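S.K.:
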Amino acid sequence: MLLSNPIHYRNFVIRKFEMKEKLKERYQFVFEEALLDEMVRIGIPKHFKKGISLMEIGDRLEYMPLVIEGAIRIMGEDEKSNEILLYYLETGDSCAMTMSCCMGNRKSSIRALAEQDTSLIMIPIRMMEEWIIKYRTWRAFVFESYDTRMSELLEAIDALAFHNMEERLYKYLRDKAMVLRSHQIEITHYQIANDLNTSRVVVSRLMKKLNLDGKITYNRNQVEIREFAPKK
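In our numbering, the protein residues as written are 6 to 237.
1) Is the distance from the Cβ of HIS188 to the Cβ of ILE230 below 7 Å?
2) Counting beta carbon pairs with one atom in the region 144-151 and one in the region 167-187, are three or more of them shorter than 8 Å?
3) Look at the Cβ atom of VAL184, then the Cβ atom of ALA76, and state whether they are nearer than 7 Å.
4) Got a sec? Which residues, its chain only, sit under 7 Å from ASN199 by beta carbon, not counting five neighbours each side?
5) Go ahead and pull the three-state DSSP assignment for SER58.
6) Would the region 40-47 and the region 82-96 be scored as touching if the rule is three or more Cβ pairs under 8 Å?
7) Under the rule that 16 or more other beta-carbon atoms within 10 Å means buried, what is MET24, buried or exposed?
8) Would you be able to state if there are at least three C-beta pairs under 8 Å between the region 55-68 and the region 30-39?
9) Would the beta-carbon of ASP122 fall within 7 Å of that of LYS55?
10) Exposed or buried, what is ILE49 when buried is set at 16 or more other beta-carbons lying within 10 Å of its beta-carbon?
11) Report the rounded CA-to-CA distance for ILE19 versus GLU26, giving the unit in angstroms.
12) Measuring only the C-alpha atoms, how far is LYS181 from ILE190?
13) Buried or exposed for SER99, please, with buried defined as at least 16 other CB atoms from any protein chain shown within 10 angstroms of its CB.
14) Kindly indicate which three-state DSSP category LYS139 falls into: helix, strand or coil?
15) Determine whether the beta carbon atoms of ILE73 and ARG31 lie at a separation below 7 Å.
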């Protein structure tokens, strides 16, 4: 059917070629050539604008995402439906919690939002177990992803249990700046309060203190992390 429409066929080939080039750029030192070829053959490219939901709690998962460009915010939810930031996925990452749900054929226990414009390759979950047996590099990637995400989850738990809200807020701002690769971030007090599961009043008070302490500068909905700012 593709051959009956030459223009569509050419676009299809170009899209597949571009996808392989992007995969090689991001993963050529992670996966062998044969695995990259399989990813190009069966993977589905997707693009999400900043703020768009990629996955909701309770969704039945059919694909596992590989981040090609951009960043994703992974949120959890307690029994009272309060949200909290768990970790970020950046270029070259995949989500261990998504892998776990895929492998166990369970519904999603997380919410995923595009932190910025983000491009993904969606891998059908039926390939995960096959690739673990077939490709050593895929097996290593899956185990390393589990290890990295587990460390980040333990860090999030540690911050909740042992750090005061001021420390959590500053870490949150630093982490977001590093993910976005910018010393300036655009964010509202409401967004911060929602991610940290606290109130806007608390966020406003602590932002003023961080400003007085010389750690940040903020104006309207823009925050500058001073330690990351270019030296004058």
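All residues carry an ideal CB built from backbone N, CA and C; glycine is no exception. Quick caveat: nothing in here was measured; it's all calculated off a predicted structure.
M.R.: The answer reads as follows:
1) Going by C-beta atoms, HIS188 is nearer than 7 Å to ILE230.
2) Not touching, per the Cβ criterion.
3) Yes; because the gap between Cβ atoms is below 7 Å, this pair is in contact.
4) Apart from sequence neighbours up to five positions away, the residues of its chain that approach ASN199 with a beta-carbon distance below 7 Å are GLU88, ordered along the chain.
5) SER58: strand per DSSP, three-state reduction.
6) Two segments are said to touch when three or more pairs of C-beta atoms, one from each, lie closer than 8 Å; by this definition the region 40-47 does not touch the region 82-96.
7) Answer is buried; the Cβ neighbour count reaches 16.
8) At 8 Å Cβ cutoff, the stretches do not touch.
9) LYS55 sits close to ASP122, with the two beta carbons spaced by under 7 Å.
10) By the 10 Å Cβ count, ILE49 comes out exposed.
11) Because ILE19 carries a pLDDT of 44, less than 50, the predicted location of this residue cannot be relied on, and the following value inherits that uncertainty. Annotation: ILE19 to GLU26 spans about 10 Å, alpha carbon to alpha carbon.
12) If I take the Cα positions, the gap works out to 8 Å.
13) Buried, since its Cβ has 16 or more Cβ neighbours within 10 Å.
14) If DSSP states are grouped into helix, strand and coil, LYS139 belongs with the helices.
15) A contact, by the Cβ cut-off of 7 Å.
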